[in-house]
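J.: At position 309 of the sequence shown (counting the first as 1) the number is 309 in full-length UniProt numbering, and the numbers step up by one without a gap. Here's a structure for you.
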Amino acid sequence: MNSIRSSLDQFMKNKDWRRRYEELREEVLSYPKIQTFQQEHPEVTEEAMENNMMKLFEYKRERQNCDTCPGLENCPNMMQGYQPELYSDTGQLTVRYHPCRLKQQADEQKRQQSLIQSMHIPKEILEASFDDVEQDHASRLSASNACLKFAFEANPGEDATGLYLHGKFGVGKTYMIGAIANELVARDISSMIVYAPDFFREMKQALSDGTVQEKMDEVKNAEVLMLDDIGAETTSAWIRDDVLGVILQYRLMQKLPTVYTSNYDYDELENHLAYSQKGGIEELKAKRIMERVKHLTVPVFVDGKNRREM
Ligand code: ADP
Ligand code: MG
Numbered sequence: 001m002n003s004i005r006s007s008l009d010q011f012m013k014n015k016d017w018r019r020r021y022e023e024l025r026e027e028v029l030s031y032p033k034i035q036t037f038q039q040e041h042p043e044v045t046e047e048a049m050e051n052n053m054m055k056l057f058e059y060k061r062e063r064q065n066c067d068t069c070p071g072l073e074n075c076p077n078m079m080q081g082y083q084p085e086l087y088s089d090t091g092q093l094t095v096r097y098h099p100c101r102l103k104q105q106a107d108e109q110k111r112q113q114s115l116i117q118s119m120h121i122p123k124e125i126l127e128a129s130f131d132d133v134e135q136d137h138a139s140r141l142s143a144s145n146a147c148l149k150f151a152f153e154a155n156p157g158e159d160a161t162g163l164y165l166h167g168k169f170g171v172g173k174t175y176m177i178g179a180i181a182n183e184l185v186a187r188d189i190s191s192m193i194v195y196a197p198d199f200f201r202e203m204k205q206a207l208s209d210g211t212v213q214e215k216m217d218e219v220k221n222a223e224v225l226m227l228d229d230i231g232a233e234t235t236s237a238w239i240r241d242d243v244l245g246v247i248l249q250y251r252l253m254q255k256l257p258t259v260y261t262s263n264y265d266y267d268e269l270e271n272h273l274a275y276s277q278k279g280g281i282e283e284l285k286a287k288r289i290m291e292r293v294k295h296l297t298v299p300v301f302v303d304g305k306n307r308r309e310m
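Given below as structure tokens:
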């Protein structure tokens, strides 16, 4: 009697298991990315699919997390920031894991940050968003529209046109470039925010440790370069002509956009660049740099109250 009972139990369990397996199989085979894979790889047989049902289930579970990505820090995948991909190796089905777009960007940023110390981004700027840019002022509205337009249309490699955000201290210029950087991430465009005074100081130091070229290359090649607070540094002829001038010339050739923030407008910055530490006045050289800056940026005046005094 007992043995019949246990066989029956076994049978019921089995039936339950079968039913669950069928459900799971249905779920797996109706997942759109798996269907697309099957269409693109007719050489992967039904049998191969059946034999790899658990692998496919795992693929679907992880890949679905990516479909509703909650950001790298909250990534629920088994290996944070890794995304599964299906492959057909001459009809054999395999699943491989790759770092996702966000993970690649974060790794790239870490690599750059270890090289360029002045590439520092305060946390509040990291979270900056156009949703929080107050439109309390007509000029602020047009400033944030110009920034949004750039964030939506920037096309590194094809068009070098950037922005020149100028206005008084504390009106939110740096905040706005943070918001641009965050919008660009959504378009898969990387940007590098460099605090200009620190960057120029760092470049001077790099002269003694031989890393000038390496650092220059990194900044020259940023998809979108943001030079924050240009004009707040003490200039030297070397910084102006051999650092800034060389970077701008290269970016012009490669059609890579540069965004500036400054307390100075174009004319004031030109004036600032003309006076080097050593007391010489080199108006022509300053003019040459500024012509490049003007030619490659849309000027954006940012007005408003000083938020640092609020
Ligand atoms: P600027 O670069 O023009 O000197 P900041 O961008 O540094 O000004 O802004 C000054 C302060 O105001 C910063 O602490 C910044 O985080 C804050 N801030 C600027 N714009 C906003 C905003 N839209 N929402 C919240 N905080 C802001
Ligand atoms: Mg600033």
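Even for Gly, the Cβ is constructed at its ideal location relative to N, Cα and C.
By a C-beta neighbour count over all protein chains shown, 10 Å radius and 16 as the cutoff for buried, is Pro84 buried or exposed?
T.: Locating residue 84 in the sequence shown gives position 84, counting from the first residue. It counts as buried.
J.: Run the CB neighbour count on Ser262, radius 10 Å, all protein chains shown included, and call it buried at 16 or more, exposed below.
T.: For the purposes of this step, residue 262 is taken as the residue at position 262 of the sequence shown. Ser262 is buried by the Cβ-count criterion.
J.: State the Cα-Cα distance for the pair Lys13 and Val95, rounded to the nearest angstrom.
T.: Within the sequence shown, residue 13 is the residue found at index 13, counting from 1. Within the sequence shown, residue 95 is the residue found at index 95, counting from 1. Approximately 31 Å between the Cα atoms of the pair.
J.: Starting from the C-beta of Val298, find all residues in its chain whose C-beta is less than 8 Å away, skip the five residues before and the five after it, and write them out in chain order.
T.: Within the sequence shown, the letter at position 298 stands for residue 298. Within the same chain, Val298 has close Cβ partners Ala146, Phe150, Thr161, Gly162, Leu163 and Tyr164.
J.: State the CB to CB distance for the pair Thr112 and Glu270, rounded to an integer number of angstroms; the pair is presumed to be in contact (CB under 8 Å).
T.: Looking up residue 112 in the sequence shown gives position 112. Looking up residue 270 in the sequence shown gives position 270. This sequence places Gln at residue 112; Thr is not what is there. Actually they do not touch by this definition, with Cβ atoms about 30 Å apart.
J.: Hey, how far is the Cα of Cys75 from the Cα of Tyr59?
T.: For this step, residue 75 is matched to residue 75 along the sequence shown. For this step, residue 59 is matched to residue 59 along the sequence shown. Approximately 15 Å, taken between the alpha carbons.
J.: Please state the DSSP three-state secondary structure of Leu256.
T.: Sequence index remark: in the sequence shown, residue 256 carries index 256 (1-based). Note: Leu256 maps to coil in three-state DSSP.
J.: Which partner residues of Thr297 appear in the DSSP bridge assignment?
T.: Walking along the sequence shown from the start, residue 297 turns up at place 297. The partner list for Thr297 (beta bridge, DSSP) reads Gly162.
J.: May I have the straight-line CA-CA distance separating Pro32 from Glu26, to the nearest angstrom?
T.: Along the sequence shown, one-based indexing puts residue 32 at 32. Along the sequence shown, one-based indexing puts residue 26 at 26. Using only the alpha carbons, I get a separation of about 12 Å.
J.: By how many angstroms is the C-alpha of Tyr266 removed from the C-alpha of Met290?
T.: One-based indexing of the sequence shown puts residue 290 at position 290. One-based indexing of the sequence shown puts residue 266 at position 266. Rounded to whole angstroms, Met290 to Tyr266 spans 7 Å at the Cα level.
J.: Which residues count as close to the ligand MG when the rule is a CB under 7 Å from any of its heavy atoms, in chain order?
T.: Answer in sequence order: Lys173, Thr174, Asp228, Asp229 and Thr261.
J.: What does Ser191 pair with, by DSSP beta-bridge criteria?
T.: Position 191 of the sequence shown holds residue 191. Its beta-bridge partners are Val224.
J.: Using a Cβ-based criterion (distance less than 7 Å to any ligand heavy atom), does Glu124 qualify as near the ligand ADP?
T.: Numbered from 1 along the sequence shown, position 124 holds the residue referred to as residue 124. For the ligand ADP, at least one heavy atom lies less than 7 Å from the Cβ of Glu124.
J.: Would you grab the beta carbon distance between Met203 and Val212 for me? Rounded to a whole angstrom, and I think it's under 8 Å.
T.: Here residue 203 refers to the residue found at position 203 when the sequence shown is read from its first residue. Here residue 212 refers to the residue found at position 212 when the sequence shown is read from its first residue. Contact holds; Cβ gap of about 6 Å.
J.: Measure the beta-carbon distance from Tyr82 to Pro99 and round it to whole angstroms, keeping in mind my assumption that it falls under 8 Å.
T.: For the purposes of this step, residue 82 is taken as the residue at position 82 of the sequence shown. For the purposes of this step, residue 99 is taken as the residue at position 99 of the sequence shown. Confirmed, about 6 Å.
J.: To the nearest angstrom, how far is it from the Cα of Arg18 to the Cα of Gln10?
T.: Against the sequence shown, residue 18 aligns to sequence position 18. Against the sequence shown, residue 10 aligns to sequence position 10. Cα to Cα, Arg18 sits roughly 12 Å from Gln10.
J.: Grab me the residues of residue 325's own chain with a C-beta within less than 8 Å of its C-beta, minus the 5 sequence neighbours each way, in chain order.
T.: With the chain represented from 1 up to 310, any question about residue 325 goes unanswered, as that position is not in the structure.
J.: Quick one, which of Arg140, Lys287, Glu127 and Asn77 has its alpha-carbon nearest Lys305's?
T.: Residue 305 sits at position 305 when you count from the first residue of the sequence shown. Minimum Cα distance to Lys305 is reached at Arg140.
J.: Over the uninterrupted beta strand (DSSP E) stretch that includes His272, give me the two end residues.
T.: For the purposes of this step, residue 272 is identified with residue 272 of the sequence shown, where counting begins at 1. Not the beta strand (DSSP E): His272 falls in the alpha helix (DSSP H), residues Tyr266 to Ala274.
J.: My parser needs the alpha helix (DSSP H) runs of 4 or more residues fully inside the UniProt domain "Primosomal DnaI N-terminal" (1-97); what are they?
T.: If we require 4 residues or more, the alpha helix (DSSP H) runs fully inside the UniProt domain "Primosomal DnaI N-terminal" (1-97) come out as 2-30, 32-40, 46-51 and 53-67.
J.: Rank Asn182, Ser30, Glu283 and Cys66 by C-alpha distance to the C-alpha of Val224 and give the top, closest one.
T.: As a first step, residue 224 must be located in the sequence shown, where it is residue number 224. Checked all of Asn182, Ser30, Glu283 and Cys66; the closest Cα to Val224 is Asn182.
J.: Given this structure, state the Cα-to-Cα distance separating Met119 from Ala286, to the nearest angstrom.
T.: For the purposes of this step, residue 119 is identified with residue 119 of the sequence shown, where counting begins at 1. For the purposes of this step, residue 286 is identified with residue 286 of the sequence shown, where counting begins at 1. Distance between the alpha carbons of Met119 and Ala286: 25 Å.
J.: Tell me the residue span of the alpha helix (DSSP H) that contains Asn182.
T.: Position 182 of the sequence shown, counted from the start, is the residue given in the question as residue 182. Element bounds for Asn182: Lys173 to Ala186.
J.: Is Gly170 close to the ligand ADP? I mean its beta-carbon at under 7 Å from any heavy atom of the ligand.
T.: Locating residue 170 in the sequence shown gives position 170, counting from the first residue. Answer for Gly170: yes, Cβ within range of the ligand ADP.
J.: Determine the burial state of Leu284: buried for a count of at least 16 other Cβ atoms within 10 Å of its Cβ, exposed for fewer.
T.: Position 284 of the sequence shown, counted from the start, is the residue given in the question as residue 284. Leu284 comes out exposed.
J.: CA-CA distance, Gln104 and Pro70?
T.: By one-based count along the sequence shown, residue 104 stands at place 104. By one-based count along the sequence shown, residue 70 stands at place 70. About 16 Å.
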